[in-house]
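The sequence shown begins at 15 in the working numbering and counts up one residue at a time. Ideal placement from N, C-alpha and C gives every residue a C-beta, glycine not left out. Only a predicted model underlies this, so the values are computations on that prediction, with no experimental measurement involved.
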Amino acid sequence: MTVLLAAGLGCGNENGRPSTTAFETGADHDSGESMDGASVSNETGVSSGGTGTSGGTGTSGGVDDSAPSDSSGPRLDLHAPVGTASDSDTTTGPIDVCKVGMGGDVSSCEDEALPDSFDAEVQWTWDRTGSIHTPLVANLTDDDGNGSIDLCDIPDVVVLDISDIFVLDGKTGALHFQIAGVSVGVTPALGDIDGDGMPEIIAGVGDAFDHRIGAFEHDGTLKWKSTETWDHQQASPSAIALADLDNDGDVEIIAGNHLFDHTGKRLWIASVGLVMANASTAADLDGDGDLEMILGHAAFHHDGSIYYHNPGVLTGLLGVFPQVADLDADPEPEILVAAGGLYILEHDGTTKLTLAKGLFPPTVHDFDGDGVSEFAVSSGKLYTVHEPDGSVLWSVPVDDPSGLAGGTAFDFLGDGVAEAMFADEHTFFAFDGKTGQVLMQVPRSSGTTIEYPTVADVDNDGAAEIIVVSNGTKGSKTAPSVQVIRDRQERWIAARRIWNQHTYHVTNVQEDGTIPQFEPPHWKMLNTFRTNAQIKEGGVCKPPEPEG
């Protein structure tokens, strides 16, 4: 194992290889004000390991000065059909780390932090009214001034605060620009929908009874607004997803049970309805190479014809959240649905298992490092990690009776045991994935809607960070709208620099924001959902199984 104190994925030396760079604390951004009056600051007050130790401003950690070694393993090219060779398979030249979005490696992770590398602090905050949506990450600005937007620029944090989208610098929290007048209840999505090499921002637009889809360029200018409306009864709270369902190279936009094309034209409306609070997704359930649009209780082929409808999945009046993962020994995926209860469906939609009541969107990950993915879900008073058969690995008390909040997970130390994360109405928690022990607590406030914490390398320093939002929809707001959390010495291992939608599952998007024409089945590679992946030289790698 290679022990990294501060993994640096800089932007290349004369050979086009990643160079290691010391972390900059951003001391010149200790406090400030954005152009709209929102505050940006560095913060303290993180409790690590339940000790109550207050975090400080942080200093730069040690740096591994050695050049990264060549990675090995099967190629993962998200633009080639599964099983088809691509140009990247035979590439032997140096890696351009600014352009790694067109491929990557699926190999074993070798980077590992020291065992005590969980000394967290708040890196920066940004504050306005409050956010009820999952924070997103992508490269939208040319930070190095070279005339192009690529992975050598600082990633940007995209947050929907009431009815405005704010694009914040991932390193400092400074405001780049804002987009006014978007739908307050719709979580946006990020991705290159027109093939110009830069991600667009796709959001709901219009008032509460006239929801439409709007596409904005990477700089915030309006690209188009759909002429057809989106059923307002299912549009709040909800989340948009991007996928190339029919493998034609054009990206489709999923909004509840509506499907739009990349120009904003509505293609069809599913024959099965949806209720408020939903986040539809896409996956190849039948193995024919293209994707189905999955509502949860139903799924549809790319042409709108029905694939399955399971009326036994009770949607009630609120909440339908599907997740796709491999939860048994057969080669086909399962659909894990939170909809009035928690259901595991076979790939054809038949019910495999019904669990306790729950509306909250689950997270899929190998939490305990045993090589088998579990799933975690809140039930309001408890956050529980379940084995694939529904049995409980561990359960801890939380306080989220009002909302639909989800969680995430990431192996920050690279030791094979992931940290589980959940934010209830008052506190963001990080738990040991094997035992449920509280590793970190950060105060936050929220009425909780469908937001959840996300993990990405937001400042491009080669170490993962956590993004948590807050709001005041239930009483007073007591925490900043956005908090970015890091290890004090930047020892956490590298994560991808993107999180583009509520139903993020790694293979649905490249780091450069490209939506794959042929999306690889994530359940055969990482078998995760709503969690980010570790990277090595820009390529995706699987976490190791713990020793012993």
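Asked	Found
Distance cut-off 7 Å: residue 376 Cβ against heavy atoms of the ligand HEM	Absent from the structure shown: the ligand HEM. Ligands present: none.
Cβ pair residue 232, residue 163 closer than 8 Å	yes
Segment contact flag, the stretch 270–286 with the stretch 489–502, C-beta cutoff 8 Å, min 3 pairs	no
One or two residues paired with residue 503 in a DSSP bridge	DSSP output for residue 503 lists no bridge partner at all.
Among 541, 422 and 395, the one whose alpha carbon lies nearest that of residue 345	541
Buried or exposed (CB count within 10 angstroms, at least 16 for buried), residue 128	exposed
Span of the beta strand (DSSP E), counted from its first residue to its last, around residue 531	Per DSSP, residue 531 belongs to no beta strand (DSSP E) and is neither H nor E.
Beta-carbon proximity of residue 294 to residue 255, cut-off 8 Å	yes
Inter-stretch contact at 8 Å, needing at least 3 Cβ pairs: the stretch 226–243 / the stretch 531–548	no
Option nearest residue 245 by Cα separation, candidates 210, 224 and 253	224
Residues sharing a beta bridge with residue 518, DSSP	Paired residues: none, contrary to the question.
Three-pair Cβ contact test at 8 Å for the stretch 162–180 versus the stretch 470–488	yes
Beta-carbon contacts of residue 327 that lie in its chain and below 7 Å, excluding the five residues immediately before and after	310, 311, 351, 353 and 357
For residue 332 and residue 317, the rounded distance between their alpha carbons	27 Å
Residue environment, residue 553, which counts as buried when at least 16 other CB atoms sit within 10 Å	buried
C-alpha gap between residue 341 and residue 55, whole angstroms	43 Å
Alpha-carbon spacing of residue 520 relative to residue 221, whole angstroms	32 Å
The beta strand (DSSP E) enclosing residue 422, as first and last residue numbers	421–424
Best match in 527, 505, 421 and 349 for proximity to residue 481 [C-alpha to C-alpha]	421
The stretch 401–414 / the stretch 447–464 touching (three or more Cβ pairs under 8 Å)	yes
Anticipated Cβ contact below 8 Å, residue 379 with residue 432, distance rounded	5 Å
Own chain residues within Cβ distance below 6 Å of residue 199, not counting five before or after	250 and 251
Separation of residue 304 from residue 263, as counted between CA atoms	12 Å
Identified DSSP bridge partners for residue 553	550
Rounded separation between residue 511 and residue 151 - CA only	7 Å
Beta-carbon proximity of residue 296 to residue 257, cut-off 8 Å	yes
Assigned secondary structure, residue 113 (DSSP; H/G/I helix, E/B strand, else coil)	helix
Secondary structure of residue 246, DSSP reduced to three states	helix
CB of residue 479 within 8 Å of CB of residue 145, strictly	no
Option nearest residue 423 by Cα separation, candidates 414, 229 and 445	445
Nearest candidate by alpha-carbon position, reference residue 334, set 355, 440 and 513	355
For residue 538, the three-state DSSP class (helix, strand or coil)	helix
Residues near residue 403 in its chain [Cβ-Cβ closer than 6 Å; skip 5 each side]	none
For residue 512, three-class secondary structure by DSSP	coil
CA nearest to the CA of residue 566, picked from 459, 337, 284 and 343	Any answer about residue 566 is impossible in this case: the structure gives the chain only from 15 up to 562.
Those runs of the beta strand (DSSP E) which lie wholly inside the stretch 280–341 and span at least 3 residues	280–283, 290–292, 295–297, 306–308, 312–314, 320–323 and 332–339
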